[in-house]
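Residue -2 is where the sequence shown starts when you use our numbering, and the numbers rise one by one after that.
Built from N, CA and C at the ideal position, the CB exists for glycine as well.
Just so you know, these numbers come straight off a predicted model, no measurement behind them.
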Amino acid sequence: APTSFNQNFDMDIAISKYQDFIGSGDYHYFMGRVIFTKGGGIYGFFCAQQCIENYLKAYVIYKTGSLTRSLINNFSHNLYKWLNHCRSIAPKKSFIHTKRAELIITKYDPFNELPRYPVSKRGIQGGNFGYLQPHDIYPLDYFIFRLRKEMPLPNGVWDILGDGRPYWASSL
């Protein structure tokens, strides 16, 4: 697991395991669901965007064994770039190659900057958006469950979707 705050960033990235990024993604997943369903709207979507970004980084590590600073610098928080990279290393039958994966990314990608700043470089095309509570968080559930089928956690790693999971995940 990472050991420092940017002092050894390259080394920490090199030794990170995919389950480290899933764990971080799960934190954002849980918080995004709670915030969104309690009326937090776009900040819940920010957490969803962060969750997907972490899951896509986990996918890169799962498929290739490593993640590099150059990938992080080149793709930054752009989910489309991460998705396209994941597609380049994924089997053709992978969920990553589906239109659904792309649509889910389209839904959450603009929310990396939008809830955090009064102005943003990338945002919603046209500037207008709306959402339905709680329904608009459900695509995130689908994304997570589909990727989890492709990236099972090693034995002994706590799983937010496993035993002891939140009640809303018990029927999924």
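Legend entry - CA nearest to the CA of Tyr128, picked from Met28, Arg84, Gly41, Val57: Translated into positions along the sequence shown, residue 128 becomes position 131. It is Gly41.
Legend entry - Contacts around Glu50, its chain only, beta-carbon distance under 7 Å, and the 5 residues preceding and following it disregarded: For this step, residue 50 is matched to residue 53 along the sequence shown. Once the five neighbours on either side are set aside, the close Cβ partners of Glu50 are His74, Leu76, Trp79.
Inset, instruction - In the DSSP assignment, find the alpha helix (DSSP H) that holds Asp138 and state where it starts and stops. - result: Looking up residue 138 in the sequence shown gives position 141. Residues 135 to 147.
Legend entry - Touch test, the region 54 to 62 against the region 25 to 36, Cβ-Cβ under 8 Å, three pairs minimum: no
Inset, instruction - Within its chain, find whatever has a CB closer than 6 Å to the CB of Tyr59; leave out the 5 residues flanking it on each side and keep chain order. - result: Position 62 of the sequence shown holds residue 59. Same-chain partners within the cutoff: Tyr15, Met148.
Inset, instruction - May I have the straight-line CA-CA distance separating Ala11 from Leu64, to the nearest angstrom? - result: Translated into the one-based positions of the sequence shown, residue 11 becomes position 14. Translated into the one-based positions of the sequence shown, residue 64 becomes position 67. Answer to the nearest angstrom: the Cα atoms are 6 Å apart.
Inset, instruction - Assign Leu111 to one of two classes, buried (16 or more other C-beta atoms within 10 Å of its C-beta) or exposed (fewer than that). - result: Mapped onto the sequence shown, residue 111 falls at position 114. Per the 10 Å Cβ criterion, buried.
Inset, instruction - Identify which residue in Met8, Gly36, Cys48 has its Cα closest to the Cα of Ser21. - result: Indexing the sequence shown from 1 puts residue 21 at position 24. When only C-alpha atoms are compared, the closest one is Cys48.
Inset, instruction - Give the secondary structure of Gly36 by DSSP, where H, G and I count as helix, E and B as strand, and everything else as coil. - result: Looking up residue 36 in the sequence shown gives position 39. If DSSP states are grouped into helix, strand and coil, Gly36 belongs with the helices.
Inset, instruction - Using a threshold of 8 Å, state whether the C-beta atoms of Asp7 and Arg66 are closer than that. - result: As a position in the sequence shown, residue 7 is number 10, starting the count at 1. As a position in the sequence shown, residue 66 is number 69, starting the count at 1. Yes. Within cutoff.
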